[in-house]
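Novice: Heads up: take any position in the sequence shown, counting from 1, add 303, and you land on the working numbering.
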Amino acid sequence: MTWAMPQTNPDPIEDPIERSIRAGAFRDAIALCARMHGAPLGRLCMAMLGSQAEAEECVQEVLLAAHDAFPSYRGEGTVRAFLFGIARRMCARRLEMRGRRERRLRLVHDADAPSSDPEGLLEARREAEKVRDALERLKPSERDAVVMRYQGGLEYREIAAACGIDEPAARKRVSRGLARMKELLSEVER
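1. Measure the C-alpha to C-alpha separation of arginine 391 and alanine 465 and round it to an integer number of angstroms.
2. Relative to the C-alpha of arginine 479, which candidate in Gly456, Pro443, Val491 has its C-alpha closest?
3. Tell me the DSSP secondary structure of glutamate 426 in three-state form.
4. Could you pull out every residue in the same chain whose Cβ sits closer than 8 Å to the Cβ of lysine 331, ignoring the five residues on either side in sequence?
5. Which term fits glutamine 454, buried or exposed, when burial requires 16 or more other beta carbons within 10 angstroms of its beta carbon?
6. DSSP state of glycine 480, grouped into three classes?
7. Can you check which of these residues, Ala427, Val434, Phe385, Leu424, is closest to glutamate 458 by C-alpha distance?
8. Which of the three DSSP states is assigned to alanine 328 in this structure?
9. Can you have a look at proline 343 and say buried or exposed, based on whether 16 or more other CB atoms are within 10 angstroms of its CB?
10. Put tyrosine 459 into one of helix, strand or coil per three-state DSSP.
11. DSSP state of serine 323, grouped into three classes?
12. Ignore the nearest five residues each way along the sequence and tell me which others in arginine 446's own chain have a CB closer than 6 Å to its CB.
13. Excluding sequence positions up to five away, which residues of its chain have a Cβ less than 6 Å from the Cβ of histidine 340?
14. Ends of the alpha helix (DSSP H) at phenylalanine 385?
As C-alpha cells, this is what we get:
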C-alpha cells in the first residue's frame, strides 16, 4: 500500500491583498486594505484615541505607512494583523505625545443601539465611562490586547502578530486584562 501526499494548491496565496503585494501592485493592495479593513481599523483607533477625527486621521496614516512598508512585507501572519500592528503603534505614539493626564479611551458606541430611552442611555453612558476608566488603568500591553480582541475583533494569532509576541502570550494578556478590569469594576461598585 502506498501513501499519497495530499494535493496542495499550487498558489498558496489566496488573499487578494497579499497577491497584490507580491505582484508589486501596492496601490491596489492599499485600496483593498482600506475597503476590507478600514472600518475595523477605525474602530480600534477610535477605542484607543477617543476622538473620531483623530481616529480617521490615524487610519489614513496607517494605510500610508502600510503602503510604504509593502516592499519589505514578508507575509508573516495576516495582512490584517500587519495593519493592526501598525495602528497599535501609531495610536500608542499619539497617546504618548498627548500625555498621560490627557489620555481618554473611548469605546465606540453601537450605532444600532436604541436611544429612545433617556434613562437607559444615561445608564449606558455611565457604564461606558466606568469601562473606559478601568481600561485606562490597565497596563498598556494588556489594554492594547483587550481593545484589539473586543473592539477590533482580532483573533489571538492576529493580536500576537500585531504585538510581536506568540499566541499564548496574547491569550494571557487578554485574560490578565479582563481579570484586572473585573477587579477594577467591582471596586467601583463597592
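Where is the CB? At the ideal position from N, CA and C, for every residue including glycine. Just so we're clear, the structure is a prediction, and the values are computed from it rather than from any experiment.
Specialist: Let me spell this out:
1. 8 Å
2. Nearest Cα to arginine 479 within the set Gly456, Pro443, Val491: Pro443.
3. The answer is helix: DSSP assigns glutamate 426 an H, G or I state.
4. The amino acid at residue 331 is misidentified as lysine; the sequence shows aspartate. Result list for aspartate 331: Ser323, in chain order.
5. buried
6. helix
7. Phe385
8. Collapsing the DSSP output to three states places alanine 328 in coil.
9. When all chains shown are included, proline 343 counts as buried.
10. helix
11. helix
12. Leu438
13. Only residues of its own chain outside the window of five on either side were considered, and among them Arg383, Leu386 have a CB closer than 6 Å to the CB of histidine 340, listed in chain order.
14. 382–401
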